[in-house]
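Q:
There are 2 protein chains.
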Amino acid sequence: MADNVFGSELFRDQLRTVQVPGGVETVMYGGERNPAPIVEAFGDVAQVAIIGYKSQGPAHAQNLRESLAAAGSDTRVVVGLREGSETRAIAESDGFTVENGTLMTPEQAMKGAGVVTMLIEDSAMVQQGVRYMREMDRGTLLMLAHGIYQGHVDTNPEADFLDGLRVGMVAPKGLGPSVRRLYQQGSGINASFAVERGDDKTRDLVLAYSQGIGSPYTFQTTLGSEWRSDIFGERAILLGGVHGIVEALYSWKREHGRGSEEAYMEVVESLVGPISEAISHRGLEGLFESIEGDEDRQKFIEAYNAAYPTMKDLTLKVYEDVSSGREIAEVVNDNISGRPFTTVDGSSMWRAGERVRESMDEDTRSERVAIDPTVAGVYAAGMMAQVDVLRLKGHHWSEIVNESIIEAVDSLNPYMRKRGVAFMVDNCSITARRGGRKWAPQFQAVISQGALPVIDGQRAQGDDYFTAFLNHDVHQAFRVFAQMRPNVDISL
Amino acid sequence: MADNVFGSELFRDQLRTVQVPGGVETVMYGGERNPAPIVEAFGDVAQVAIIGYKSQGPAHAQNLRESLAAAGSDTRVVVGLREGSETRAIAESDGFTVENGTLMTPEQAMKGAGVVTMLIEDSAMVQQGVRYMREMDRGTLLMLAHGIYQGHVDTNPEADFLDGLRVGMVAPKGLGPSVRRLYQQGSGINASFAVERGDDKTRDLVLAYSQGIGSPYTFQTTLGSEWRSDIFGERAILLGGVHGIVEALYSWKREHGRGSEEAYMEVVESLVGPISEAISHRGLEGLFESIEGDEDRQKFIEAYNAAYPTMKDLTLKVYEDVSSGREIAEVVNDNISGRPFTTVDGSSMWRAGERVRESMDEDTRSERVAIDPTVAGVYAAGMMAQVDVLRLKGHHWSEIVNESIIEAVDSLNPYMRKRGVAFMVDNCSITARRGGRKWAPQFQAVISQGALPVIDGQRAQGDDYFTAFLNHDVHQAFRVFAQMRPNVDISL
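Line by line, the protein sequences give chains E and X.
Read in order, the letters of the first sequence are residues 587 to 1078 in our numbering.
Read in order, the letters of the second sequence are residues 587 to 1078 in our numbering.
1. Can you tell me whether arginine 752 of chain X is helix, strand or coil according to DSSP?
2. Under 8 Å, do asparagine 891 of chain X and glycine 670 of chain X count as touching if we go by C-beta distance?
3. Which residues, taken in chain order from the segment 908-923 of chain E, show a beta carbon closer than 8 Å to some beta carbon of chain X?
4. Report yes or no: do three or more beta-carbon pairs, one from the segment 667-681 of chain X and one from the segment 631-641 of chain X, lie closer than 8 Å?
5. How many Å lie between serine 910 of chain E and proline 644 of chain E at the Cα?
6. Report the rounded CA-to-CA distance for arginine 996 of chain E versus glycine 968 of chain X, giving the unit in angstroms.
7. From the DSSP secondary-structure annotation, give me the bridge partner or partners of alanine 757 of chain E.
8. Which whole-angstrom value describes the C-beta separation of leucine 768 of chain E and proline 1000 of chain E, a residue pair presumed to lie in contact below a C-beta threshold of 8 Å?
9. Taking all protein chains shown into account, do 16 or more other C-beta atoms lie within 10 angstroms of the C-beta of arginine 1019 of chain X, making it buried, or fewer, making it exposed?
10. From the beta carbon of glutamate 841 of chain X, is the nearest beta carbon of chain E less than 8 Å away?
11. Could you tell me whether the Cβ atoms of methionine 1037 of chain E and valine 987 of chain E are closer together than 8 Å?
12. Which residues does DSSP list as the beta-bridge partners of glutamate 611 of chain E?
13. In the DSSP assignment, what are the bridge partners of glutamine 806 of chain E?
14. With contact counted as at least three CB pairs below 8 Å, one residue from each stretch, are the segment 852-865 of chain X and the segment 852-859 of chain E in contact?
15. Taking the continuous alpha helix (DSSP H) assigned at alanine 645 of chain E, which residues delimit it?
16. Would you grab the beta carbon distance between serine 933 of chain X and glutamine 1035 of chain E for me? Rounded to a whole angstrom, and I think it's under 8 Å.
17. Under 8 Å between C-beta atoms, does glycine 963 of chain X make it to chain C?
18. Tell me valine 955 of chain E's beta-bridge partners as DSSP assigns them.
19. Would you please verify whether the beta carbon of threonine 901 of chain E is less than 8 Å from any beta carbon of chain X?
20. Indicate whether at least one CB of chain X lies closer than 8 Å to the CB of glutamine 1044 of chain E.
21. Just verifying my parser: in three-state terms, what is the DSSP assignment at glutamine 568 of chain E?
22. Below 8 Å on the Cβ atoms is my guess for tyrosine 718 of chain X versus methionine 729 of chain X; work out the distance and round it to an integer in Å.
23. Got a sec, what are the start and stop residues for the alpha helix (DSSP H) valine 917 of chain X sits in?
24. Could you tell me which whole alpha helix (DSSP H) segments of length 4 or greater appear in the segment 854-912 of chain E?
25. What's the gap between the Cα of methionine 935 of chain X and the Cα of lysine 1004 of chain X?
26. What are the start and end residues of the beta strand (DSSP E) that includes proline 992 of chain X?
27. Determine the burial state of threonine 1017 of chain E: buried for a count of at least 16 other Cβ atoms within 10 Å of its Cβ, exposed for fewer.
28. Run through chain X and tell me which residues come within less than 8 Å of glycine 754 of chain E, C-beta to C-beta.
29. Under three-state DSSP, which class holds valine 792 of chain E?
30. Between glycine 1006 of chain E and alanine 834 of chain E, what straight-line distance do the alpha-carbon atoms span, to the nearest angstrom?
31. Name, in chain order, the residues that DSSP records as bridge partners for arginine 662 of chain E.
32. Between which two residues does the alpha helix (DSSP H) containing threonine 1053 of chain X stretch?
33. Our contact map puts isoleucine 624 of chain E next to serine 659 of chain E with C-beta atoms below 8 Å; I'd like the distance itself, whole angstroms only.
34. Leaving aside the five residues before and after glutamate 989 of chain E along the sequence, list all residues of the same chain whose C-beta is less than 6 Å from its C-beta, in chain order.
35. Look at the alpha carbon of lysine 839 of chain X and the alpha carbon of alanine 849 of chain X, and state the distance between them as a whole number of angstroms.
36. Could you tell me which residues DSSP pairs with leucine 825 of chain E in its beta bridges?
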C-alpha cells in the first residue's frame, strides 16, 4: 500500500500526517473553520454555481454561502436549475431567488463561474454531463460530490471531462441533510476529496471548498477509488448489508419464540442503539469489549465465525459487480426505463417497528435495550467483511474506516433508528436506493441460509475468524481516524 | 407477432400447425419415435461426438446411441472428454469406453464427426468455444443444448461461429436426468429447436436429433430467443421466483401462528403438490377453478392482485438484466473468480421440510395437503408475470407456455417436492444455480415487503389484475401446447 500524503502551504496548520498500519496518510483534520485561507483560495473566483438542488445541493449552496460571507469573501454563490424544476421552490425558500440574482438556469449560472458544482442526479449527469461541460469556461473548476461519473467515463470514454476544465471532488460522508445540520451545529462532517485535474492552487481551492461546505475533516482519494468504495459501501454494510442483517435476525428471533415487538427491540433497536454507539465511540474491538460475561462473549464469537465467511463472499461479489461497471449500467437502465421503487419497509418487522416507535420515545427505547451479542457478532462480521474487501482492493485506511465504520454508525444508522429503514435508504441517492433494494435481500439470504443454521448448531461450526478479528489492523486505523471527525453526534 | 411455421417432408406426419392467439405455430408433436426418417436424416453422418458429460451429456449420448441402434442406423455416438476429466468414470460406467472406441479426447471425437454437440459448461464454452470450432471439419453440424453461447457472441463478436460450420440446437425443457429418465420411460420430454445456420437438410437432421435424444415434442425458436427466455425463466418463476415465493409465504404463515412443519405443508407441499398438479392438468385457469368456495376464491383473487404488480416489475427487470448481457457477464466473472456456491436450503423452512419428509412419504403428504388459496394466488401471479413479460418481449406462445408453465410444473417442481429446493436448483446448470441464488431473495423481498402487507390489510388493495387473468390469451395457448407433451408424469 502506497502512502497517501499531500501538502498545502495555505492549510498547513490543519494538515496532519499520521501513522497507519503499513504507512502514513495525510488528513485535513478540521478544527475551527478559519477565514483567511478560504478567502485567499477563492480569491479570483467571482462566482460559484451549484447545479441541482436535491440531496447535496441545499447543503453545498447554503453552507458555502454562509462560510464565504463569514470569511468576508465577495465570491457569490448561485444556484442553477432548469425552468420548471420542482426544486426551484425549495431553493427560493432558502434565499436563492431570481429577484436577488442567485437563482437562474444552469447555463446562466455557469457563465463566469470559476467553480461549477454538478449535483444533478447520477443518470441526468450521465445523459447531460458533456453538454453541460461545453457551457463551462476554460479553466473552470468542475466540482463533484462523488466519483460515480468517472465510473461512467471508464466504460464510455466519449463522456470524459473536456480538455481545459479543472476537475475536483469533495464527497461528504453523509446525506445532504446531515451535511447541512452538522454545519449549523458548528461541528461539520467527514469528507474525502480528489484533485483529478489541476495543480496545487486547484488543490487549495478544493480544500477551501471542503471547509466552506462544512467538511473541515477530509482525506485524499481519487474519483476512481471514491466511486468504487461509495457505490460498493452503500450496497454492502451501509444500507443493503445492515438491512439484510436485521431482516434475517428478526425472523430468526421470531422462530425462537420472541414476540414481534420484542424481536424488533432485540435486533433493530439493539443495532442502531447500543451496538452503533459502542462502535462509534470505541470501534469494533470496543464493541466486543463492551459485551459482558463469558456466555454473551461466546455468543458474539460464534455469530461472528458463522457470519463472516458468507458475508465476505457476498461482499466481495458486490465489489466486483460494482467495479466492473455492470452495477452502474444496471442503475442507469433502471432509471431510463423508469423502474418503480419497491417498498422496503413493509415486512412485519417494520410494522412492529412502527408500533415500537409509537409506544416509546428514543430515550425509553435506549433504556430498555441492551447489546444483543448475536446481533453484534453478525453486524461486526458484515462490517469487517467490507473492511477486508476494501483493503484487498487497495483502498487507503482513511477511506476504509470512513466508508465502512464511521459513516455507518455516525451518519446512517441514526436514520434507521429515527424512522425505520426506508427513512435511511430513501434519504440517499437514487443509485443508493436501487442498490440497497437489490442487495439487502441477498445479504438476508446468506445469513438465513448460511450463518444461522451454524449458530443454531444445525450445521457444523466452520473455521476460526475471530482471532483475526482481535488482531486486525483496522482497530489501530480506527483509533487514528476516529479522532479526526466531528465530535458532535448527529441529531435528527 | 409473426407466425411461427416450418415444414419438413421427412417428418410431415409428425408436424402440426395449430391456431394460437394471434396466429399459427408449427410443432413437431411427437408420438412414437419412428425409425425411418431418423436413419435417413443421419444418413451421411458417420459419427456424432458428444463433448462434455455433465448435466445434459449422459442423456444426449445414451438416448441417441439407443435410438440410432433401434432404428438400425450405423451412425456411431462417441463421447469426447479431456484426459483426467472427472466425468470420464461416469461415461465409462455408461458404456462409453476407450476400449470400445467410444471415449476419447474432444479433439479426437470431433475428427470425422458430422455432428458435434457441445455440452461443456457455459463458461468453458465461452473460454474454449472458438478453439474447439477450429477442430471441426467444414460442414459439420455444431449442435448446442441451449442458446447462451449466442448471448456471449452478441457482446463478443470475435467469438462468433466459424464460417463453414452448420449450427443447430435442441434444448430439452428439463434437467439432463429428466431427459434420460423420461426417455427410458418411453415418453420423452418437450424441447425447442433452432437452425441458426443450415438448409432444409440441416433442419431435418436437427429434428431427427431431437427425436433421437428423446424430444419428439419440439417447437421452433432461435438461439437469441432461446437463451433469453431460458436464462430469464430460470431466474424468474422456474427457480428464483418459486424459491422466493415459498420463503416469503413460510415466514408469513409463521407470523400468523402456524407451527414450522404446518407452515411448510401449507406453503411448499401445497405448491409442489396439488397446485402444480392442477396447473399441469388444467392450466392456470384450471388452478383457479379447482379452488372451492367463495371465501377461498376471494383469498386467491386478493393474493393475485396484491402480488402481480410487484412480481411483474421485478420479472421485467430480470428480463432486461438478462437481455442486456449483464447477467451472463456476471456469471462468467463469478465462474472465473471461483465464487463459492452459497447454501440455499439452510433456512428454518427447509429444516422443517427435512422433518416433514422424514415423517411422511409422498403419498401421505399428498393426502394431508390441499390447495392453499393464498399460495396459489401468489404463485399464479408470478407465473403470469413471466408470461406477460415474454409476450411483451415478442416470444412465441410455444416458447412462453413451455418455459413458463410446463417446465415449472412438469419438470422442476417435482424435484423440490422430492428433496427440497437445493435438489431442484443444484441439479440445473451452473448459470441457473447462480441465477437462482441471486434472484430468489429479491422475489422473497418484493412479496414480503410489497404484497403481504396488502394481503394483511396493512396497505391499501391496488388495482384489479384478476379480470385480465380470467380473460388471458395464455389459457387458450396452454390448452393447445399441453396436448403436445409427454403424457407420463416424471417419476424421480
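Using N, Cα and C, we set each Cβ at its ideal position, and we do this for glycine too.
A: On the basis of the coordinates in this document:
1. Arginine 752 of chain X: strand per DSSP, three-state reduction.
2. Their beta carbons are not under 8 Å apart, which means asparagine 891 of chain X does not touch glycine 670 of chain X by this criterion.
3. Shown in chain order are the members of the segment 908-923 of chain E whose Cβ falls below 8 Å from a Cβ of chain X: Ser910, Arg912, Ala915, Glu916, Asn919, Asp920, Ser923.
4. The segment 631-641 of chain X and the segment 667-681 of chain X touch, with three or more beta-carbon pairs separated by less than 8 Å.
5. Cα-Cα distance, rounded: 32 Å.
6. Looking at the sequence shown, residue 996 of chain E is not arginine but aspartate. It is roughly 40 Å from the alpha-carbon of aspartate 996 of chain E to the alpha-carbon of glycine 968 of chain X.
7. Paired residues: E:Ser778.
8. Actually they do not touch by this definition, with Cβ atoms about 12 Å apart.
9. Counting Cβ neighbours within 10 Å, arginine 1019 of chain X comes out buried, since at least 16 surround it.
10. At least one chain E Cβ lies under 8 Å of glutamate 841 of chain X.
11. Checking the sequence shown, residue 1037 of chain E turns out to be alanine, not methionine. Going by beta carbons, alanine 1037 of chain E and valine 987 of chain E fall outside the 8 Å limit.
12. The partner list for glutamate 611 of chain E (beta bridge, DSSP) reads E:Asn590, E:Val604.
13. Beta-bridge pairing links glutamine 806 of chain E to E:Phe779.
14. Contact check between the segment 852-865 of chain X and the segment 852-859 of chain E: fewer than three CB pairs, one atom from each, fall below 8 Å, which does not count as touching.
15. Unbroken alpha helix (DSSP H) run through alanine 645 of chain E: 643-657.
16. With 8 Å as the limit, serine 933 of chain X and glutamine 1035 of chain E qualify as a contact, their Cβ atoms being about 5 Å apart.
17. Looking at the structure shown, chain C is missing, and the protein chains on hand are E and X.
18. According to DSSP, which records beta bridges pairwise, valine 955 of chain E is partnered with nothing at all.
19. Taking Cβ atoms only, chain X never reaches closer than 8 Å to threonine 901 of chain E, which makes this a no.
20. Cβ-Cβ to chain X under 8 Å: yes for glutamine 1044 of chain E.
21. One cannot answer for residue 568 of chain E here, as it falls past the ends of chain E, which runs 587 to 1078.
22. The beta-carbon distance between tyrosine 718 of chain X and methionine 729 of chain X, rounded to whole angstroms, is 13 Å. This is too long to meet the 8 Å contact definition.
23. Looking at the DSSP string, the run of the alpha helix (DSSP H) that includes valine 917 of chain X is 912-922.
24. With a minimum length of 4 residues, the continuous alpha helix (DSSP H) runs that stay inside the segment 854-912 of chain E are 862-875, 880-909.
25. For methionine 935 of chain X and lysine 1004 of chain X, the distance between alpha carbons rounds to 15 Å.
26. The sequence as given places isoleucine at residue 992 of chain X; proline does not occur at that position. Counting along the chain, isoleucine 992 of chain X falls outside any beta strand (DSSP E), and DSSP gives it neither H nor E.
27. It counts as buried.
28. By Cβ distance, chain X contributes nothing, its closest Cβ being about 31 Å from glycine 754 of chain E, past 8 Å.
29. DSSP places valine 792 of chain E in helix when its eight states are reduced to three.
30. The alpha-carbon separation between glycine 1006 of chain E and alanine 834 of chain E amounts to approximately 16 Å.
31. In DSSP, arginine 662 of chain E forms a bridge with E:Gln633.
32. 1052-1056 is the extent of the alpha helix (DSSP H) around threonine 1053 of chain X.
33. Their Cβ separation, rounded to whole angstroms, is 7 Å, which keeps isoleucine 624 of chain E and serine 659 of chain E in contact under 8 Å.
34. Close CB contacts of glutamate 989 of chain E within its chain, under the 6 Å cut and outside five residues either way in sequence, are with Ser815, Gly819 (chain order).
35. In this structure, the alpha-carbon of lysine 839 of chain X lies about 6 Å from that of alanine 849 of chain X.
36. According to the DSSP secondary-structure assignment, leucine 825 of chain E is paired through a beta bridge with no residue.
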